[in-house]
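Peer 1:
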Amino acid sequence: MVRHNNQLPDNLPQLQNLIKRDPESYRDEFLQQYHHFHSVLDIFRLEPDKENKSLCESIMFLAQIAQCYLEDLKAFPQTLVDLLKTHSTTLDPEMRNTFCRALILLRNKNLISPLDLLELFFQLLRCPDKALRTFLENHIINDIKNMNAKQKDMKLNSTLQNFMYTMLRDTNPKAAKMSVDIMIELYRKQVWNDAKTVNVIANVGCFSKFTKVLVASLKFFLGTDQQEEDEDEEDSDREVDLKGIMMAAKVNKKTKKRKKKVEAAKKLYTQAQKKKKRPVAFNFSAIHLIHNPQGMAESLFKQLQDGNERFEVKLMHLDVISRLIGIHELFLFSFYPYITRFVQPHQRQVTRILQFAAQASHELIPPEIIEPVIKTLVNNFVTERNSSDVMAIGLNAVREICVRCPLAMNEDLLRDLTMYKNYKEKSVMMASKALIMLYREQMPTLLAKKDRGRPTEASVEIKAKRYGEINAAEYIPGTEALLREDAPELEGDAGPSGDESDSDWIDVDSSEDEFEAALREEKGKKGITMIKSSKNKKKEDEEDEEDEDEEEEEDEEDDEEEDEDEDGEGDWEDCSDEEEEEEQKQIEEQKQKKSKKRGKYRPKKIPTVTKATAASKEAETVSEQPAEEKPGEQTLNTAEAMQELALTKIFTDADFARIEQERVKKQVTHHSRKRQLETERSEFVKLDAIEMIYKRRKADKQARVESMQRGREDREKFGYKDNRMNPHCSKTNREKQKNKNFTMIRHKVRGKVKKSFRDKQMSLRKHLLHVKKMK
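Residue numbers (the numbering used here): 3 to 777.
(1) Can you have a look at D308 and say buried or exposed, based on whether 16 or more other CB atoms are within 10 angstroms of its CB?
(2) Judging by CA-CA distance, which residue of I372, A274 and Q163 is the nearest neighbour of L244?
(3) Which of the three DSSP states is assigned to K541 in this structure?
(4) Let me check understanding here. Comparing Cα to Cα, which of M180, M166 and K214 lies closest to K198?
(5) By DSSP, does I747 sit in helix, in strand, or in coil?
(6) Can you give me the C-alpha to C-alpha distance between G861 and E365, rounded to a whole angstrom?
(7) Leaving out five residues on either side along the sequence, give the residues of the same chain with a beta carbon under 8 Å from the beta carbon of S336.
(8) Could you check the C-alpha separation between C208 and I403 for me, to the nearest Å?
(9) Whose CA, out of Y189, M694, K176 and N195, lies closest to the CA of K211?
(10) Could you give the DSSP three-state label for T213: helix, strand or coil?
(11) Go ahead and pull the three-state DSSP assignment for I478.
(12) Just how far apart, CA to CA, sit M156 and V193?
(13) How big is the Cα-Cα spacing for I341 and K132?
(14) Buried or exposed, going by whether 16 or more other CB atoms sit within 10 Å of the CB of S578?
(15) At the level of alpha carbons, what is the spacing between N110 and N148?
(16) Between the alpha carbons of D506 and V430, how many angstroms are there, rounded?
(17) Within the same chain, show all residues whose beta-carbon is closer than 8 Å to that of L158, passing over the 5 residues directly before and after it, in chain order.
(18) Let me check understanding here. Comparing Cα to Cα, which of Y425, V380 and I472 lies closest to D414?
(19) Just to check my reading of the structure: L43 and L64 have Cβ atoms closer than 8 Å, yes? What is that Cβ distance to the nearest angstrom?
(20) Which class does N19 belong to by DSSP, given the choice of helix, strand or coil?
(21) Under a Cβ-count criterion, where at least 16 other Cβ atoms within 10 Å of its own Cβ denotes burial, should N140 be classed as buried or exposed?
(22) One question on the structure: do I142 and L120 come within less than 9 Å of each other, judged by their Cβ atoms?
(23) Roughly how far, in whole angstroms, is the beta-carbon of L332 from the beta-carbon of L326, given that I think they are within contact range, below 8 Å?
(24) At 4 residues or longer, what runs of the alpha helix (DSSP H) sit wholly inside the region 309-391?
(25) Excluding the 5 residues flanking K261 on each side, which residues of the same chain have their C-beta closer than 8 Å to its C-beta?
(26) Specify, as a first and last residue, the run of the alpha helix (DSSP H) that Y189 falls within.
(27) Quick check on DSSP: helix, strand or coil for M393?
(28) My assumption, with CB atoms under 8 Å, is that V217 sits in contact with V315. Please give the rounded CB distance.
(29) In angstroms, rounded to a whole number, what distance separates the CA positions of S219 and Y28?
(30) Please classify A466: is it buried, with 16 or more other beta-carbons within 10 angstroms of its beta-carbon, or exposed?
(31) So, helix, strand or coil for L57, using DSSP?
(32) With 16 other CB atoms within 10 Å as the buried threshold, where does D172 fall?
(33) Using a Cβ-Cβ cutoff of less than 7 Å, which residues in the same chain neighbour Q781 once the five nearest sequence positions on both sides are dropped?
(34) Which of the three DSSP states, helix, strand or coil, is assigned to M727?
(35) Using a Cβ-Cβ cutoff of less than 7 Å, which residues in the same chain neighbour K435 once the five nearest sequence positions on both sides are dropped?
(36) Taking the CB atoms as reference points, tell me whether E416 and V384 lie closer together than 9 Å.
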């Protein structure tokens with residue numbers, strides 16, 4: 003009797019497992035399956051459009067054990083590649099997917115060249131199978147990323163990029179779109195973040211005849227920075243509070259679930275800490291890597307004028323062109339008359355168009371080119387026939403253009419726009435004041451004298467630049483603070499601060515403890531003992547409280563005077579020396595009276611500094627200087643010393659902090675400004691800078707409900723008001739009827755139904771008969 007226990011030819015997973023353990027022992031079974039594969043393959047080639055499950059099983063089996071029989075399966079990968087190339091469009095979707103997975107298995111075992119496989123997969127992107135295209139896209143991205151993980155393979159990358167260049171020109175729109183998506187994703191993953199990838203997308207993708215490829219390429223040049231900001235926000239959201247989770251685990255009951263939660267939190271925390279310690283990677287935006295920005299801007303503008311795309315696509319064109327002009331400081335004079343046509347309040351997406359006009363402005367453009375844009379903007383937006391929001395947006399747009407090209411504004415137009423600083427609407431008023439602040443920093447001579455503000459050291463140093471002029475500094479502005487001996491000390495710095503003469507000065511009001519100690523020493527020397535009764539102490543305490551109240555009132559008056567001085571914009575008037583001496587004498591007498599009342603005053607000579615004494619000291623210091631040195635030579639020597647300092651010294655953080663203090667000090671008159679205006683030019687114009695309106699926004703539903711609830715807090719409860727004097731007294735039947743069940747009063751409610759005329763007749767007859775009988 004023969005027993006048939008050998009089930010290996012039918013059980014491929016079991017045979018696959020055994021072959022991986024001992025290939026030589028099961029070589030006969032392998033050869034049997036290999037011959038079966040060839041026979042099934044011949045049958046498949048007769049009808050390639052039909053599904054063949056037996057062939058799929060044989061292919062996956064051979065792909066799993068290919069590393070065990072390298073010589074026998076040397077031609078197997080190429081056979082699969084030829085099948086896919088020949089029958090890629092006619093194959094059944096499941097079989098095509100199986101063939102691709104088998105090739106990926108062979109690629110993971112290094113049995114097929116990565117270049118051959120990637121070229122095949124790029125060609126398969128033409129297949130009308132969305133699931134397969136998505137699968138191949140993910141594999142291509144991950145495979146290229148893994149190949150460049152340890153070290154970038156420049157030869158392979160160059161070959162693939164050249165192949166992608168041809169794929170972007172493919173006649174199949176799906177293959178071209180998938181190719182550009184792969185290149186963009188590899189750029190974002192920092193794999194192909196070189197100039198070649200950017201220029202392939204710029205030269206081919208941005209001028210593709212397929213709208214989807216065109217839009218994807220334009221978005222690439224617009225959205226790279228936004229993508230990085232979104233990733234940073236996601237990472238910040240993922241940060242965990244490890245301390246809180248650990249404390250909760252200690253206090254609460256110990257469970258496996260809570261233990262796993264703590265371990266996961268520790269893992270996330272360590273990852274976040276490693277990411278924080280990682281050095282900052284300065285990644286330039288893709289638009290900086292374009293080789294020929296002038297040619298690209300001109301070609302895009304020509305494509306915009308000749309094309310007939312949707313309005314959203316036109317906006318993308320305008321955005322990319324404006325960024326190219328602003329970042330690379332290009333000349334495209336025909337762009338400004340074109341964008342002026344859309345500067346209308348009723349235009350759709352008008353704030354974005356104003357943003358593009360500001361982005362396309364820079365200092366090298368002749369002012370007469372941008373001036374018509376500003377005039378059109380002012381005539382259409384900044385008029386009282388428009389709403390306050392429209393006027394504010396127009397003024398904000400003018401400000402953003404003038405930040406980048408201040409010479410485009412003429413004096414008459416600026417004077418007209420500054421008149422809106424007293425407008426009744428706050429949004430317009432604040433926008434006009436922001437424009438005034440801008441020209442205070444840039445070109446104060448264009449403003450009226452009353453709008454220039456109080457002169458400061460920084461405003462005196464401002465020199466209006468002419469067209470094309472560049473001010474090249476030979477030293478770092480503000481380093482004169484490091485050359486002075488009395489350089490300002492930072493908070494936390496050790497060492498003496500100020501001049502040596504500061505020890506001669508005494509602050510009478512602030513050093514009360516020192517006065518008390520001095521009085522005790524003096525009384526101890528003289529042997530005087532003072533014993534006060536409780537009544538005298540009470541009187542003195544009352545006097546001290548009165549004195550303190552007087553001092554507080556005087557301090558408040560001084561603060562008010564300082565505020566008035568701060569608000570005023572006029573120049574300070576110089577007082578004479580006699581007036582200053584008289585004022586100081588009056589101040590000293592007041593302080594003596596107050597301190598005598600307290601019993602804490604000890605007279606000491608306090609030097610008074612007047613203009614005469616200050617002038618004499620200056621004369622002494624000048625006389626001490628060498629006679630040959632003059633003021634002009636002194637400033638020259640200072641500039642040379644600052645230049646030498648910039649060339650020879652490595653500045654520390656403390657030095658930069660002192661330089662920043664010196665810069666801020668120059669911008670301050672007597673008190674620092676409440677709000678610093680940012681006038682530095684940035685690469686991109688933020689849309690919020692144009693849409694920024696100072697007004698109370700319309701409250702949403704939640705805010706309205708909260709305001710209603712706040713208004714009901716102190717109000718009596720609405721509804722029926724019981725006006726009884728005694729709340730415990732009895733109620734009427736009518737009041738009790740309101741709280742009764744309906745079934746109890748249903749018969750009474752039913753009786754209230756309106757009677758018909760016949761019923762009324764019958765009831766009246768019955769009533770009359772009853773009355774007659776009673777008589």
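Glycine included, every Cβ here is placed at the ideal spot set by N, Cα and C.
Peer 2: Result, derived from the coordinates:
(1) For this step, residue 308 is matched to residue 306 along the sequence shown. D308 should be labelled exposed.
(2) Here residue 244 refers to the residue found at position 242 of the sequence shown. Selected option, being the one with the closest Cα: A274.
(3) The count along the sequence shown starts at 1 and reaches residue 541 at position 539. Here the model assigns K541 a pLDDT of 48, short of 50, so the residue's position is not dependable, and the following value carries that caveat. The answer is helix: DSSP assigns K541 an H, G or I state.
(4) Looking up residue 198 in the sequence shown gives position 196. Taking only the C-alpha atoms, the option nearest K198 is M166.
(5) Counted from its first residue, the sequence shown places residue 747 at position 745. The answer is helix: DSSP assigns I747 an H, G or I state.
(6) Residue 861 falls outside the range modelled here, since the chain spans only 3 to 777, and no answer is possible.
(7) Taking the sequence shown and counting its residues from 1, the one referred to as residue 336 is at position 334. Only F303 meet the Cβ criterion.
(8) Taking the sequence shown and counting its residues from 1, one reaches residue 208 at position 206. Taking the sequence shown and counting its residues from 1, one reaches residue 403 at position 401. Rounded to the nearest angstrom, the two C-alpha atoms are 27 Å apart.
(9) Numbered from its first residue, the sequence shown carries residue 211 at position 209. It is K176 whose Cα lies nearest to the Cα of K211.
(10) The residue given as residue 213 occupies position 211 in the sequence shown. In this structure, T213 counts as helix in the three-state DSSP scheme.
(11) Sequence index remark: in the sequence shown, residue 478 carries index 476 (1-based). If DSSP states are grouped into helix, strand and coil, I478 belongs with coil.
(12) Against the sequence shown, residue 156 aligns to sequence position 154. Against the sequence shown, residue 193 aligns to sequence position 191. Answer to the nearest angstrom: the Cα atoms are 11 Å apart.
(13) Within the sequence shown, residue 341 is the residue found at index 339, counting from 1. Within the sequence shown, residue 132 is the residue found at index 130, counting from 1. If you take the alpha carbons of I341 and K132, they lie about 40 Å apart.
(14) Counting from one through the sequence shown, the residue named residue 578 turns up at place 576. Low per-residue confidence applies at S578: pLDDT is 43, beneath 50, and the placement is therefore not dependable enough to give any value.
(15) In the sequence shown, counting from the first residue as 1, residue 110 sits at position 108. In the sequence shown, counting from the first residue as 1, residue 148 sits at position 146. Cα to Cα, N110 sits roughly 11 Å from N148.
(16) Locating residue 506 in the sequence shown gives position 504, counting from the first residue. Locating residue 430 in the sequence shown gives position 428, counting from the first residue. Unreliable positioning characterises D506 in this predicted model, as indicated by a pLDDT of 38, which lies under 50. A coordinate reading is not provided.
(17) Here the question's residue 158 lines up with position 156 in the sequence shown. Around L158: P116, L117 and M149.
(18) Position 412 of the sequence shown, counted from the start, is the residue given in the question as residue 414. Ranking the options by Cα distance to D414, first place goes to V380.
(19) In the sequence shown, the residue the question calls residue 43 occupies position 41. In the sequence shown, the residue the question calls residue 64 occupies position 62. Actually they do not touch by this definition, with Cβ atoms about 11 Å apart.
(20) Within the sequence shown, numbered from 1, the residue matching residue 19 stands at position 17. N19 falls in the helix class under three-state DSSP.
(21) Counting from one through the sequence shown, the residue named residue 140 turns up at place 138. With fewer than 16 other Cβ atoms within 10 Å, it is exposed.
(22) Translated into positions along the sequence shown, residue 142 becomes position 140. Translated into positions along the sequence shown, residue 120 becomes position 118. Result yes, Cβ atoms of I142 and L120 sit closer than 9 Å.
(23) Counting from 1 along the sequence shown, the entry for residue 332 is found at position 330. Counting from 1 along the sequence shown, the entry for residue 326 is found at position 324. With 8 Å as the limit, L332 and L326 qualify as a contact, their Cβ atoms being about 6 Å apart.
(24) 313-330, 337-342, 352-361 and 369-383
(25) Within the sequence shown, numbered from 1, the residue matching residue 261 stands at position 259. The residues are A251.
(26) Translated into positions along the sequence shown, residue 189 becomes position 187. Where Y189 is concerned, the enclosing alpha helix (DSSP H) stretches over P175 to R190.
(27) If you number the sequence shown from 1, residue 393 lands on position 391. In the structure shown, M393 sits in a helix (DSSP, three-state: H, G or I).
(28) Here residue 217 refers to the residue found at position 215 of the sequence shown. Here residue 315 refers to the residue found at position 313 of the sequence shown. Yes, they are in contact, since the Cβ atoms of V217 and V315 sit about 6 Å apart, within 8 Å.
(29) If you number the sequence shown from 1, residue 219 lands on position 217. If you number the sequence shown from 1, residue 28 lands on position 26. About 54 Å.
(30) By one-based count along the sequence shown, residue 466 stands at place 464. With fewer than 16 other Cβ atoms within 10 Å, it is exposed.
(31) Along the sequence shown, one-based indexing puts residue 57 at 55. It is helical.
(32) Here residue 172 corresponds to residue number 170 of the sequence shown, with the count starting at 1. Result: buried.
(33) Because residue 781 is not part of the residues shown, which for the chain are 3 to 777, the question remains open.
(34) Numbered from its first residue, the sequence shown carries residue 727 at position 725. Three-state DSSP puts M727 in coil, outside helix and strand.
(35) By one-based count along the sequence shown, residue 435 stands at place 433. The residues are K423.
(36) On the sequence shown, residue 416 is found 414 positions in, with the first residue counted as 1. On the sequence shown, residue 384 is found 382 positions in, with the first residue counted as 1. Checking the sequence, you will find Leu at residue 416 rather than Glu. Result no, Cβ atoms of L416 and V384 do not sit closer than 9 Å.
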